Amino acid sequence: MNSPRRQRTTAASRMALSLLLGGGLAAGSLAAQRLPLIPAPPAPEPVRLEALPLPPTAPTDAEGACTRAINPHGTGCISAAMDGIIEGPAYSWDTKHVLLPVQFTGAPAGRDAASIYTGPQVIAIRTDGGTFANGDAWKCITCGVPAANRQGANAAETDGGGRKAPAGSDWIRLDHPQAFPGDRKMIAGTNVVDCGPYRLTDADCTPDRIRIVPIRWNSSAKGTGQGGSMRELRLNPDGAHLMWSHMTRTPSSIDQHGLVGRIVFNPAPKSGEPRVPRYELTDVFVLTSTDRDHAPFKADPRRSNRLIQNPSRGVIGEARGWTRDGRGAVGLGTPESGNVDMYATDIKTGHSRRLTSAPGYADPILMSPDDRWFVVFDNRGVDRHMYYGAMQGIPPLIDQLTRMVMLSAQYGYRNGLRRFFQPYLVDRWGDRGSYAGQQLNAGSGEPGSPSDPNWNARADPAWSPDGTAVVYWQALVTAPACGGPNPLPCPVSTEPGSRRTRLMIARLPSRKPLAPRRAIAPRSIAVPWGTRYRAGDAMPNRAAFAPAGKFTLAGRQGGSAQVEIREASPGRISYVAARYDGYSDDGIHVIDGTESAEVIARGQQSRIVWHSDLRSSGRQIGTKKTIEPGGFVMSPMGQPLEGELVTTIDGKTYRPPRPGT
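For what it's worth, our numbering labels the leading residue of the sequence shown as 155, then goes sequentially.
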């Protein structure tokens, strides 16, 4: 029987939970204000789902397969494969168009006018039911741009959807297109596509008027070379600053840092490559703190045998974009064991506000134009991750060694190229109580329908500037994630040409359109809690997760944990163990029992041995257990090798997904 101490939830702890799950202070300009008490969750609202028009589907990728019989206008065909759509989309500022990168294929050879519709390109799609002058609902913006107008543009090795660029191709990076205020130019990949005085969707914006200009981040003290590698670029609403991610290799793993900088046009660079007119990034900051107060845990400076769980600050992880007032950064964090959640962090103060808390893996996200809502792609609607993530309220201690199970290519949040995401609409206060947002495409799950679970959302969501619609794209599960030896049969696509991608719009008819957006006045952006970057600097070393030693960790709302952390060498954790006694950070989830994880070297191979014997009480009643005596053994990349981890919550049992599924 649970003790009264463990069952008791005071008004103060309820408020603490609301602040923790609801977010407390908002990011950006709202961070300095005292906000009202967390309101009751919103009622579900009506959603009208439609598929947006796309170019016809090529029957094959063979040259000439896109005939006039398939597309009488001769404006191209897209691939039927999963890369028919490439990562995007984004709304234009005029509310009438969505920018989308697609993979054109099957174009004729030679001087045929339709030969320009090939490879990765960015198209604009009408979302209001209208068409362009030729009768198409789409227009290719980047097709046919003369070579002289794209000198030095950053090339693409793949299309962003897994397809490699053919030898000798002139593919350029065009993923995640985002329009600058005014719709006359856009970020696309690591390039800027500029149509001078014309909007990108204007009839007068023809290929000969387009300029595609590279973006360069100088990472050399001497200013030489091609510059630093960038991925997942996000344009600030002020149109003057960029956020991007940079991958680095550490002695023990791979790390990723978010960066921000001002984007400035240099018409005549004197150093670095390419030596052509280009955009450069200045006043760069790394969204990473070296301060131990920003680490998940630190030793108590007054009592060295005590471990302190720091408040959430500077939680970026992978940078996912901006709040819509331009003053906050949105990124990933791991506040609870086995869970990846989204945070909004004030660029100036570093205060981080948790946005999601449902068990699962949240990733692509976009705040609404007024920052009062967000749409997040999340796998909270499936159970594949619940064997490691269903029990809530466990601090992320052993995750320093076990986190790759969440990222495993087959046993974590994904199965190869398949994501299990669906789009969820959540109010600004985030998940709380029984509220876990509203699935935009909820329904019967009938094959081919908007709610068919075999169709999964892919990055990124796009809000209409007036706040009345959300656009997202989906990919249909495809071999090897189905079919053959896989127990899941491959579904037949009901989309035109059996296309395995589709572009959806979720209209929110009960919402009053927001006033037209105005561009935010550009201003300098500094990150006092981050690290100023100077060309040639290495990426900063993150503050250590926690020091080595034996500690007592007090729960924020009660109980404690006895924690032991060992290092194989400075900064390389090899063992983490915890014994919980009525531990609770929120006053609602209470944890008892033990868990540990250890890196064991076997010749040239390492493995991680995970032992768990945990019990939860309070809001959840359940257990999280490994099969003993061997425990749950996994590879450093999260692949189960031996044993099993089984979690049971409120009578429902979760095990690892079957191989291949």
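For each residue, glycine too, the CB sits at the ideal point set by N, CA and C.
None of the values given here were measured: they were computed from a predicted structure.
Which term fits residue i, buried or exposed, when burial requires 16 or more other beta carbons within 10 angstroms of its beta carbon?
| i | result |
| --- | --- |
| Gly412 | buried |
| Phe419 | exposed |
| Arg365 | buried |
| Pro783 | exposed |
| Pro813 | exposed |
| Gly805 | exposed |
| Glu241 | buried |
| Ala507 | Reading off the sequence, residue 507 comes out as Arg, not Ala. Flag for Arg507 reads buried. |
| His227 | exposed |
| Pro255 | buried |
| Met401 | exposed |
| Asn459 | exposed |
| Gln628 | buried |
| Asp191 | The residue asked about is misnamed: residue 191 is Leu in this sequence, not Asp. Exposed. |
| Gly566 | buried |
| Thr499 | buried |
Taking the beta strand (DSSP E) that residue i falls in, what are its first and last residues?
| i | result |
| --- | --- |
| Gln380 | Unbroken run through Gln380: none, as it is neither H nor E. |
| Thr556 | Unbroken run through Thr556 is the alpha helix (DSSP H), 553-556; no beta strand (DSSP E). |
| Gly490 | It should be noted that the sequence gives Glu, not Gly, for residue 490. It is not in any beta strand (DSSP E) - Glu490 carries neither H nor E in the DSSP assignment. |
| Phe574 | Premise fails: Phe574 is in no beta strand (DSSP E) and is neither H nor E. |
| Leu413 | 408-420 |
| Ser723 | 712-723 |
| Trp683 | Here Trp683 belongs to no beta strand (DSSP E), and DSSP marks it neither H nor E. |
| Asp691 | Here Asp691 belongs to no beta strand (DSSP E), and DSSP marks it neither H nor E. |
| Asp524 | Here Asp524 belongs to no beta strand (DSSP E), and DSSP marks it neither H nor E. |
| Tyr734 | 726-738 |
| Met236 | Element bounds for Met236: n/a, residue is neither H nor E. |
| Phe286 | Neither: Phe286 is in no beta strand (DSSP E) and is coded neither H nor E. |
| Phe258 | 251-258 |
Residue i lies in the alpha helix (DSSP H); which residues open and close that run?
| i | result |
| --- | --- |
| Met540 | 540-543 |
Could you give the DSSP three-state label for residue i: helix, strand or coil?
| i | result |
| --- | --- |
| Asn610 | strand |
| Arg403 | strand |
| Asp329 | coil |
| Leu175 | Only weak support is given to the placement of Leu175: the predicted model assigns it a pLDDT of 30, under 50, and the question is left unresolved by the model. |
| Ser766 | strand |
| Ser183 | For Ser183, the predicted structure reports a pLDDT of 32, less than 50, and the residue's modelled location is therefore unreliable. A value from the coordinates is still provided. Correct three-state label for Ser183: helix. |
| Leu189 | Model confidence at Leu189 stands at a pLDDT of 47, short of 50, so the residue's coordinates are unreliable; what they give is reported in the following sentence. Of the three classes helix, strand and coil, the one that applies to Leu189 here is coil, per DSSP. |
| His227 | coil |
| Gly480 | coil |
| Asp500 | strand |
| Pro361 | helix |
| Gly547 | coil |
| Asn569 | strand |
| Asp581 | strand |
| Asn303 | helix |
| Ala473 | strand |
Taking the alpha-carbon of residue i as reference, which of the options has the nearest alpha-carbon?
| i | options | result |
| --- | --- | --- |
| Cys294 | Thr229, Asp248, Gly260 | Thr229 |
| Glu199 | Thr632, Ile239, Asp581 | Asp581 |
| Gly712 | Trp683, His743, Lys779 | His743 |
| Gly785 | Thr777, Arg388, Ala689, Val800 | Val800 |
| Ala422 | Trp398, Ala219, Gly306, Pro207 | Gly306 |
| Asp532 | Pro368, Arg612, Thr632 | Arg612 |
| Leu389 | Phe286, Trp292, Ala244, Trp764 | Ala244 |
| Ile719 | Val730, Met397, Gly725 | Val730 |
| Pro213 | Met496, Thr259, Pro196 | Thr259 |
| Lys666 | Thr622, Gly283, Arg456 | Thr622 |
Going by the CB atoms, is the gap between residue j and residue i shorter than 9 Å?
| i | j | result |
| --- | --- | --- |
| Ala268 | Ala261 | yes |
| Arg467 | Ser443 | yes |
| Ser323 | Gly381 | no |
| Pro361 | Pro300 | yes |
| Pro523 | Leu668 | yes |
| Ala722 | Arg733 | no |
| Leu253 | Met340 | yes |
| Gly480 | His395 | yes |
| Ile519 | Val484 | yes |
| Met521 | Gly475 | yes |
| Val494 | Thr685 | no |
| Asn610 | Gln564 | no |
| Pro210 | Ile232 | yes |
| Ser658 | Leu328 | It is worth fixing the name first, because residue 658 is Met in this sequence and not Ser. Contact flag unset, no. |
| Met788 | Arg761 | yes |
| Arg534 | Ala512 | yes |
| Ala675 | Val625 | no |
| Tyr433 | Ile408 | no |
Please confirm whether any heavy atom of the ligand NAD lies closer than 8 Å to the CB of residue i.
| i | result |
| --- | --- |
| Ser771 | The ligand NAD is not among the ligands present in this structure, which contains no ligands whatsoever. |
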